[in-house]
DNA sequence: TGTAAAATCACCCGAAAGTATGACTCGAAA
DNA sequence: TTTCGAGTCATACTTTCGGGTGATTTTACA
């Protein structure tokens, strides 16, 4: 396991780690409070109150972290295209004729959406290298040299919508 | 105070009332649990655990109620009329709206044909750098990050055939 | 159940694309 | 005359693509 992998792991699981550490700390504080107040058992109400407060806070914090990771107002401008109504179906015979696999077609569709290889890999849960292999094969089969031409050609052949 | 006023009051302060009632109920349960378990003081941990759980839940619920209405997504839909016929004419209003110059459109068309920047430069008798400048401006104006997305978008907007 | 095709991933390398910034020319408009 | 947009070009840099090669694992099917 390299340091790259470790930092990747940290990045990906930062939140979970934070929660874990926070919970551990809380339990520690709990224990301390317990030992502190248990001897004076008429202070049990204060103790319980503190616990209640503490955990209400924890709940709020948790919910906040979990439900509002981005409190930004998104303005999505969506263009509605008239006269582009018909549904698309893949030209299956053409796909078979060119020997393009399902996975390759899938990659091709994402390429057509303008995604980078990296982004495609993340979308399909495969590595960058795999995406590159797929796209290279696609280019070969479509007899083109780059993704833009591939999209152009695939459109004309009815492989993508 | 009429019944109308009362129902108005209820509508306006429904949330606050709910909170109040809930809190009262909680305190009641608390009290009950206290009496229940205090005699068996080795069950204090269970008691405290229950309290903790309860109030964590309360916190989450509170936070949820308080923060969810703040998420706001505005979707601006805009109709774009694309020529449905076979012959293509540039959607001039759209070009002007986006502030895309004629030269830029020319470059965009060649990009759509799948030419490399180098090839576009040779076709238009300008340097590679000039083509890059143009295409960068195009990307900005179309709000995209690469040529594939640019072609995709330009096609939909009726800027290219 | 064995085999071929498909899918996955890695590493290297050079080319192409894209970003950022600045500068120069030219013609039209203020 | 000044100003401004469009077009041109450059330098420097980072990122992404695409080609080549080889390998392992999964899946499909005969």
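Chains as they are written, first to last, in full-length UniProt numbering: chain A, 1 to 161; chain B, 1 to 161. Glycine included, C-beta positions come from ideal geometry on N, C-alpha and C. Computed from a predicted model, the values in this text were never measured in an experiment.
Residue i, buried or exposed, once every other Cβ within 10 Å from all chains shown has been counted against 16
i	result
residue 25 of chain B	exposed
residue 89 of chain B	exposed
residue 145 of chain A	exposed
residue 114 of chain B	buried
residue 147 of chain A	buried
residue 98 of chain A	buried
residue 60 of chain A	buried
residue 138 of chain B	buried
residue 53 of chain B	exposed
residue 140 of chain A	exposed
Proximity winner among the options, relative to residue i (alpha-carbon distances)
i	options	result
residue 108 of chain B	B:55, B:53, B:54, B:134	B:134
residue 118 of chain A	A:105, A:132, A:106	A:132
residue 158 of chain B	B:46, B:50, B:93, B:61	B:93
residue 150 of chain A	A:126, A:125, A:105, A:123	A:105
residue 125 of chain B	B:137, B:103, B:140	B:103
Contact with chain A by residue i, beta-carbon distance below 7 Å
i	result
residue 48 of chain B	yes
residue 148 of chain B	yes
residue 138 of chain B	no
residue 51 of chain B	yes
residue 56 of chain B	yes
is_contact[residue i, chain B] using C-beta, thresh 7 Å
i	result
residue 88 of chain A	no
residue 72 of chain A	With a pLDDT of only 43 at residue 72 of chain A, under the threshold of 50, the placement of this residue in the model should not be trusted; the figure read from the coordinates follows. Not one chain B Cβ lies under 7 Å of residue 72 of chain A.
residue 152 of chain A	yes
residue 60 of chain A	yes
residue 119 of chain A	no
residue 125 of chain A	no
residue 114 of chain A	yes
Short Cβ contact (7 Å threshold) for residue i with residue j
i	j	result
residue 100 of chain B	residue 110 of chain B	no
residue 58 of chain B	residue 56 of chain A	yes
residue 160 of chain A	residue 112 of chain A	yes
residue 156 of chain B	residue 142 of chain B	no
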